[in-house]
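Report on the structure given below.
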Amino acid sequence: MLADVVEYLVCPVCGADLAMADRGLLCPAGHTFDIARQGYANLLPGNARPGTADTPEMVRARDEFLSAGHFSAPAERLAKDVARTLDGTSLVLDAGAGTGHYLSRVLDTSPGTVGLALDISKHAARRAARAHPRAGAVVADLWRPLPVRDGAAGTVLNVFAPRNAAEFHRVLQDDGLLFTLTPSSRHLGPLVDSLGLISVDERKTERTDAALAGYFKLDSRQHIETEAALNHGEVATLVAMGPSAHHVPAEQLWPRLERLEDPVPVPLSFVLSLFRRLK
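Reminder that position 46 of the sequence shown reads as 46 in UniProt numbering, one-by-one numbering, no gaps.
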């Protein structure tokens, strides 16, 4: 719940600490922010725009696909690895949390730990606010100063989301850890060409390391390779939940799908990296 994490939040306008007040959040300077009936708070500055934030359709597709367990291998590995590093009391901040699926798995393995889900999509935040009893959700832009206190988090999660190295560094404790989960260039295999999907840059991992350099040091890295047999409907849901949803409209996707076997074997390939905060 939001009340469990409000002590870690700051006003996006003036940077002062926030506190609960009636059905909203209030800072000492008088800036107020409503808490939606679904339980999340919108802390986007007034001049911020959601841009390419996930749409309701993308959020529903992601919730459906992840709930079916198709990405259980990386979710379980992430949760176990994070659990080994937690002391049971620190905040886990999920930057770009989406529906809160991965944060929820982490909290399940770490009793006593609380989680804060940040996402620029209010539609995702609605789901994330209900993802776990010990999680709160906030609408925030990862490319702007995060509405989180300096040194508030023991761990930051970043799953298929933008990486703001300077802000991750600021909100982490001195010995804080950053876990990133990204797709490899092998992710989805032949579906990329067959369906005209957006491909993963072969140098994505290298670019991720470069973006974090100066703030974090790579500690360990794992490659997670698995495969799922997906029917055409599940493939369509997979496409609808990611960036290719903006790239391949349904009227183009389904004729391409019908040329594939049903179900179709789909390679799933991920890179799980652990970074340590530099002093």
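Quick reminder that beta carbons are idealized off the backbone N, C-alpha and C, glycines included.
Remember, predicted model here, so these are calculated numbers, not experimental data.
Cβ atoms of residue j and residue i: under 7 Å apart, would you say?
{"i": "S110", "j": "L86", "result": "yes"}
{"i": "V6", "j": "P147", "result": "no"}
{"i": "A95", "j": "L118", "result": "yes"}
{"i": "L172", "j": "L272", "result": "no"}
{"i": "F275", "j": "L218", "result": "yes"}
{"i": "G154", "j": "G189", "result": "no"}
{"i": "D4", "j": "V114", "result": "yes"}
{"i": "Q38", "j": "A165", "result": "no"}
{"i": "A236", "j": "P265", "result": "no"}
{"i": "Y8", "j": "R149", "result": "yes"}
{"i": "A137", "j": "A125", "result": "yes"}
Report all residues from its chain with a CB closer than 7 Å to the CB of residue i; omit the five preceding and five following residues, and keep chain order.
{"i": "G24", "result": "T32, F33, D34, I35"}
{"i": "G186", "result": "According to the sequence as given, residue 186 is Arg; it is not Gly. For R186, where only same-chain residues beyond five positions count, the Cβ hits under 7 Å are P267, S269."}
Between residue i and the rest of its own chain, which residues show a CB-CB distance below 6 Å, the 5 nearest in sequence each way excluded?
{"i": "H247", "result": "I198"}
{"i": "R163", "result": "A211"}
{"i": "S104", "result": "A131, H132"}
{"i": "E64", "result": "T237"}
Contact check, residue i vs residue j under 8 Å by CB: the rounded distance?
{"i": "H132", "j": "L107", "result": "5 Å"}
{"i": "L44", "j": "H101", "result": "At roughly 22 Å, the Cβ-Cβ gap does not stay under 8 Å, so L44 and H101 are not in contact."}
{"i": "I224", "j": "R77", "result": "6 Å"}
{"i": "R84", "j": "D174", "result": "Rounded, the Cβ-Cβ distance is 19 Å, inconsistent with contact."}
{"i": "T226", "j": "A79", "result": "Not quite, the Cβ-Cβ distance comes to about 16 Å (not below 8 Å), so this is no contact."}
{"i": "L241", "j": "M58", "result": "Checking the displayed sequence, the identity of residue 241 turns out to be Met instead of Leu. Indeed, because the Cβ distance is near 6 Å, the residues count as touching under 8 Å."}
Taking C-alpha atoms, which residue in the options lies nearest to residue i?
{"i": "F160", "options": "T99, D17, D262", "result": "T99"}
{"i": "D22", "options": "Q252, P12, L2, V13", "result": "L2"}
{"i": "E251", "options": "E261, V239, D262", "result": "V239"}
{"i": "G196", "options": "A19, P28, A245, R144", "result": "A245"}
{"i": "G233", "options": "A68, E202, A16", "result": "A68"}
{"i": "Q222", "options": "P263, A19, S184", "result": "S184"}
{"i": "N158", "options": "G214, G112, T55, L116", "result": "L116"}
Quick one: residues in its chain with C-beta nearer than 8 Å to the C-beta of residue i, no 5 flanking neighbours on either side, listed in chain order?
{"i": "K122", "result": "A36, Y40, N42, P50, A53, V139"}
{"i": "F216", "result": "A165, F168, H169, L178, F275, R276, R277, L278"}
{"i": "D201", "result": "S185, R207"}
How would you write the range of the beta strand (DSSP E) that residue i sits in, first residue to last?
{"i": "P265", "result": "264-277"}
{"i": "T155", "result": "153-159"}
{"i": "H223", "result": "216-230"}
{"i": "T99", "result": "Unbroken run through T99: none, as it is neither H nor E."}
{"i": "A137", "result": "135-139"}
{"i": "F33", "result": "32-34"}
{"i": "F179", "result": "172-183"}
{"i": "L118", "result": "114-119"}
Over the uninterrupted alpha helix (DSSP H) stretch that includes residue i, give me the two end residues.
{"i": "Q252", "result": "250-257"}
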